[in-house]
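A.B. asks: Start counting at 1 in the sequence shown, then tack on 123, and there's your number in my numbering. So that we are looking at the same thing, I have put the structure below in structure tokens.
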Amino acid sequence: MTGTFDFDDVKRSSAAVRRAFVERPEEGRSPLSRLLSGINAEQGGGGRGGRTRIAVLITLLWVIASPPFDSKRVSPYWARLLGESDPEGAGAHAVLDALHDLHERGFIQLDTTGTNRMRITLLRETGDRHSYSFPDPAEGESYFRVPRTLWTSGVISEMSGRALALYLIALSHAGWGEREFWINQSLFAARYGLGETTRKKGLRELVELGVLEITSVSRSLPGELSGRTFRRNIYVIAKPFRSEGASFEANPGDEALSR
Numbered sequence: 124m125t126g127t128f129d130f131d132d133v134k135r136s137s138a139a140v141r142r143a144f145v146e147r148p149e150e151g152r153s154p155l156s157r158l159l160s161g162i163n164a165e166q167g168g169g170g171r172g173g174r175t176r177i178a179v180l181i182t183l184l185w186v187i188a189s190p191p192f193d194s195k196r197v198s199p200y201w202a203r204l205l206g207e208s209d210p211e212g213a214g215a216h217a218v219l220d221a222l223h224d225l226h227e228r229g230f231i232q233l234d235t236t237g238t239n240r241m242r243i244t245l246l247r248e249t250g251d252r253h254s255y256s257f258p259d260p261a262e263g264e265s266y267f268r269v270p271r272t273l274w275t276s277g278v279i280s281e282m283s284g285r286a287l288a289l290y291l292i293a294l295s296h297a298g299w300g301e302r303e304f305w306i307n308q309s310l311f312a313a314r315y316g317l318g319e320t321t322r323k324k325g326l327r328e329l330v331e332l333g334v335l336e337i338t339s340v341s342r343s344l345p346g347e348l349s350g351r352t353f354r355r356n357i358y359v360i361a362k363p364f365r366s367e368g369a370s371f372e373a374n375p376g377d378e379a380l381s382r
């Protein structure tokens with residue numbers, strides 16, 4: 124999966140990601156949902172192109188999120204980092220396509236240098252074409268962290284777009300410590316802009332990959348239906364895939380994922 128990539132080349136323990144990347148704004152779609160799907164699609168569906176776009180962007184946030192926020196690394200480098208099976212061929216082409224797509228959508232800037240090498244400059248992950256800066260909580264920029272084990276374990280190469288999207292959402296809400304969470308189905312689409320099929324398949328895949336642990340518990344129905352019970356799936360992120368270091372709390376009142 125990870126090939127011969129030397130992960131000592133990347134020193135950071137985690138990537139910082141603004142919560143605005145995964146959460147739906149008052150109008151429109153979340154950046155995550157937009158990247159997961161085609162430009163004209165209404166909801167993210169987790170196609171291969173969407174998965175590669177998200178994986179490449181998160182990887183850039185891990186590797187080049189310090190001044191001057193750019194890199195002249197070639198596509199095979201990023202393909203090896205992502206664990207692509209053919210990093211010099213099809214994998215490199217997939218990464219290059221994703222880079223051009225991210226450029227067109229306003230997440231990065233691509234330029235050709237004097238040596239005819241491509242320079243990748245990171246822009247803000249909200250896709251607003253603004254220059255990148257590290258998230259600043261003092262400016263109201265809540266963020267979460269993605270641990271380096273996503274890459275070093277090779278699991279990023281096994282995730283579909285749906286699974287990667289659900290993993291980022293889980294990290295944004297319960298990614299540090301032994302935090303259990305369950306998903307409020309009625310609020311999930313409104314909060315994150317992803318469909319029911321994406322939610323179900325993404326969660327199932329994360330459990331199968333060992334990224335999430337699941338427990339089914341019995342709960343009592345409220346009010347007039349008290350005395351009757353229902354089953355609820357409770358999730359926790361497996362220890363190797365939790366974020367490292369500080370991570371700021373989710374926004375108050377976010378009940379799409381609950382603890």
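Quick reminder that beta carbons are idealized off the backbone N, C-alpha and C, glycines included.
Would you report the Cα separation of Arg-354 and Val-179, rounded to the nearest angstrom?
C.D. replies: In the sequence shown, counting from the first residue as 1, residue 354 sits at position 231. In the sequence shown, counting from the first residue as 1, residue 179 sits at position 56. Looking at the two C-alpha atoms, the distance is approximately 37 Å.
A.B. asks: DSSP three-state call for Glu-146: helix, strand or coil?
C.D. replies: By one-based count along the sequence shown, residue 146 stands at place 23. Coil.
A.B. asks: Return the bridge partner residues of Thr-338 from the DSSP annotation.
C.D. replies: In the sequence shown, residue 338 corresponds to position 215, counting from 1. In DSSP, Thr-338 forms a bridge with Ile-357.
A.B. asks: Say whether the region 322-335 touches the region 281-293, bearing in mind that this needs 3 or more beta-carbon pairs closer than 8 Å, one atom from each stretch.
C.D. replies: Yes, the region 322-335 is in contact with the region 281-293.
A.B. asks: Can you tell me which of the three DSSP states Pro-191 falls into?
C.D. replies: The residue labelled residue 191 in the question sits at position 68 within the sequence shown. Correct three-state label for Pro-191: coil.
A.B. asks: Is it true that the CB of Leu-294 sits closer than 7 Å to the CB of Phe-267?
C.D. replies: Counting from one through the sequence shown, the residue named residue 267 turns up at place 144. Counting from one through the sequence shown, the residue named residue 294 turns up at place 171. Going by C-beta atoms, Phe-267 is nearer than 7 Å to Leu-294.
A.B. asks: Taking its Cβ as the centre, do 16 or more other Cβ atoms sit within 10 Å of Pro-258, making it buried, or is it exposed?
C.D. replies: Working through the sequence shown from its first residue, we reach residue 258 at position 135. Its Cβ being crowded by 16 or more others within 10 Å, Pro-258 is buried.
A.B. asks: Can Trp-185 and Ala-221 be called in contact, C-beta distance under 7 Å?
C.D. replies: By 1-based counting over the sequence shown, the position of residue 185 is 62. By 1-based counting over the sequence shown, the position of residue 221 is 98. Cβ distance not < 7 Å, so Trp-185 and Ala-221 don't count as in contact.
A.B. asks: For Met-282, which option in Ala-213, Ile-231, Glu-207 has the closest C-alpha, if you only look at C-alpha atoms?
C.D. replies: Stepping through the sequence shown from its first residue, residue 282 is reached at position 159. Ranking Ala-213, Ile-231, Glu-207 by Cα distance to Met-282 puts Glu-207 first.
A.B. asks: Taking one C-beta from the region 171-178 and one from the region 152-162 each time, how about it: are there three or more such pairs within less than 8 Å?
C.D. replies: Cβ pair count under 8 Å is three or more, so yes.
A.B. asks: Tell me where the alpha helix (DSSP H) around Ile-177 begins and ends.
C.D. replies: Within the sequence shown, the letter at position 54 stands for residue 177. Start and end: 171-186.
A.B. asks: What would DSSP say about Phe-128, mapped onto helix, strand or coil?
C.D. replies: By one-based count along the sequence shown, residue 128 stands at place 5. Residue state, collapsed to three classes: coil.
A.B. asks: Using beta-carbon positions only, say whether Ser-194 and Ile-243 come within less than 7 Å of one another.
C.D. replies: Taking the first residue of the sequence shown as 1, we reach residue 194 at position 71. Taking the first residue of the sequence shown as 1, we reach residue 243 at position 120. Yes, the pair counts as a contact, with Cβ atoms nearer than the cut-off.
A.B. asks: Tell me the start and end of each unbroken beta strand (DSSP E) in the region 276-334 that is at least 3 residues and wholly inside, in chain order.
C.D. replies: Qualifying beta strand (DSSP E) stretches, in chain order: 303-306.
A.B. asks: Starting from Ser-137, follow the beta strand (DSSP E) in both directions and report where the run begins and ends.
C.D. replies: Within the sequence shown, residue 137 is the residue found at index 14, counting from 1. Segment 137-141, the beta strand (DSSP E) holding Ser-137.
A.B. asks: For Leu-233, which of helix, strand or coil comes out of DSSP?
C.D. replies: For the purposes of this step, residue 233 is taken as residue 110 along the sequence shown, with counting starting at 1. Leu-233: strand per DSSP, three-state reduction.
A.B. asks: Give every residue of the same chain whose Cβ lies closer than 6 Å to the Cβ of Thr-275, excluding the five residues on either side of it in the sequence, and list them in chain order.
C.D. replies: Translated into the one-based positions of the sequence shown, residue 275 becomes position 152. Phe-130.
A.B. asks: Let me know if Val-340 comes out buried or exposed under the rule of 16 or more other beta-carbons within 10 Å of its beta-carbon.
C.D. replies: Numbered from 1 along the sequence shown, position 217 holds the residue referred to as residue 340. With fewer than 16 other Cβ atoms within 10 Å, it is exposed.
A.B. asks: Can you find the residues in the same chain that come closer than 6 Å, C-beta to C-beta, to Ala-202, ignoring five residues on each side of it along the sequence?
C.D. replies: By 1-based counting over the sequence shown, the position of residue 202 is 79. Here the set comprises Pro-210, Gly-214, Ala-215, Val-218.
A.B. asks: In the DSSP output, which residue or residues are listed as bridge partners for Val-218?
C.D. replies: Counting from one through the sequence shown, the residue named residue 218 turns up at place 95. Bridge partners of Val-218: none, in fact.
A.B. asks: Between which two residues does the alpha helix (DSSP H) harbouring Arg-157 extend?
C.D. replies: Locating residue 157 in the sequence shown gives position 34, counting from the first residue. Element bounds for Arg-157: 154-159.
A.B. asks: So, are the CB atoms of Glu-248 and Arg-314 less than 7 Å apart?
C.D. replies: In the sequence shown, counting from the first residue as 1, residue 248 sits at position 125. In the sequence shown, counting from the first residue as 1, residue 314 sits at position 191. No, they are not a contact pair.
A.B. asks: Could you check which residue in Val-330, Gly-277, Ile-279, Glu-336 has the C-alpha nearest to that of Arg-302?
C.D. replies: Along the sequence shown, one-based indexing puts residue 302 at 179. Per the Cα distances, Glu-336.
A.B. asks: Decide if His-223 is buried, meaning its Cβ has at least 16 other Cβ atoms within 10 Å, or exposed.
C.D. replies: Start at 1 with the first residue of the sequence shown, and residue 223 comes out as number 100. That one is exposed.
A.B. asks: Between which two residues does the alpha helix (DSSP H) holding Leu-204 run?
C.D. replies: Within the sequence shown, the letter at position 81 stands for residue 204. 198-204 is the span of the alpha helix (DSSP H), which, as asked, contains Leu-204.
A.B. asks: Please list, in chain order, all residues of the same chain as Ala-143 whose beta carbon is under 7 Å from its beta carbon, the five residues on each side excluded.
C.D. replies: Against the sequence shown, residue 143 aligns to sequence position 20. So the qualifying residues of the chain are Thr-249.
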